[in-house]
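Peer 1: For the sequence shown, counting from 1, position 175 maps to 412 in the working numbering; every step adds exactly one.
From the three backbone atoms N, C-alpha and C, an ideal C-beta is built for every residue, glycine too.
What follows is a single structure, and I will ask about it in a moment.
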Amino acid sequence: MALGKFISFEGIDGAGKSTHVGAVAEQLRASGKTVITTREPGGTPLGEKLRELLLQETMHLETEALLMFASRREHIAQVIAPALARGDWVITDRFTDASFAYQGGGRNLSLDKLSVLEQWVHPHLQPDLTLLFDVPLEVARQRLDKHRTLDKFEKEKETFFAATRAAYLQRAAQFPARIRIIDSTQTIAAVNAQIAQLLATL
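Structural data, given as structure tokens:
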């Protein structure tokens with residue numbers, strides 16, 4: 238049986254990536270694929286408990302990074318790896334690029350430490366395609382839903398998001414074959430068309 242494909246959606250809060258997860262999944266299902274949608278942090282019962290801590294509790298930046306990767310290890314073991322082995326397609330809302338962007342860029346944690354964690358937790362696994370939804374900071378801030386309670390990351394200052402966005406773009410420059418930048422200021426239809434073109438290359 239052929240291995241499935243692994244797709245990750247990335248971007249700063251308010252970039253609009255989550256809007257497209259369901260549409261892409263339905264598009265793939267319509268073409269006959271079995272698709273699993275999931276998210277990070279989270280994706281498993283343990284991961285969802287860790288998500289609550291990570292999004293709400295103040296903690297040391299290294300503790301935050303370690304918990305992110307602990308949740309990720311469980312996610313890979315329980316959800317991602319078994320699905321790919323079955324030949325399913327997996328779409329995850331965030332993966333390790335988010336750690337390099339948020340903990341590395343936003344929190345200024347050593348990238349060498351993050352690289353060690355990446356090699357420990359998933360040395361032989363990377364997404365086949367990463368869609369990086371990119372928008373200017375002012376657009377992202379306007380898009381955040383003002384009628385709900387923001388998590389601790391969404392409450393961060395503009396300097397945090399500027400550093401996070403810069404780290405995402407640096408990561409994209411480092412891995413241009415895998416990470417494809419989506420101009421998320423476009424209409425939903427235009428974004429969907431761009432995504433469809435990229436999916437056709439898998």
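Taking C-alpha atoms, which residue in 259, 432 and 328 lies nearest to residue 370?
Peer 2: Checking every option, the nearest Cα to that of residue 370 belongs to 432.
Peer 1: Hey, how far is the Cα of residue 380 from the Cα of residue 419?
Peer 2: Cα to Cα, residue 380 sits roughly 16 Å from residue 419.
Peer 1: Going by DSSP, what residues sit across from residue 330 in a beta bridge?
Peer 2: DSSP, once it has assigned bridges, lists 246 and 276 as partnering residue 330.
Peer 1: In three-state terms, what does DSSP make of residue 370?
Peer 2: Three-state result, residue 370: strand.
Peer 1: Out of 386, 354 and 345, which one is the CA nearest neighbour of residue 307?
Peer 2: Of the listed residues, the one whose Cα sits closest to residue 307 is 354.
Peer 1: I'd like to check one pair, residue 309 with residue 263: are the Cβ atoms closer than 8 Å?
Peer 2: No, these two residues do not count as a Cβ contact at 8 Å.
Peer 1: Where does residue 323 sit, in a helix, a strand or coil, going by DSSP?
Peer 2: Residue state, collapsed to three classes: helix.
Peer 1: Would you kindly check if the distance between the Cβ of residue 404 and the Cβ of residue 251 is under 8 Å?
Peer 2: No, these two residues do not count as a Cβ contact at 8 Å.
Peer 1: Quick check on DSSP: helix, strand or coil for residue 420?
Peer 2: In this structure, residue 420 counts as strand in the three-state DSSP scheme.
Peer 1: When the distance is taken between beta carbons, is residue 291 closer than 8 Å to residue 346?
Peer 2: It is not a contact, given that the beta carbons lie outside the stated cut-off.
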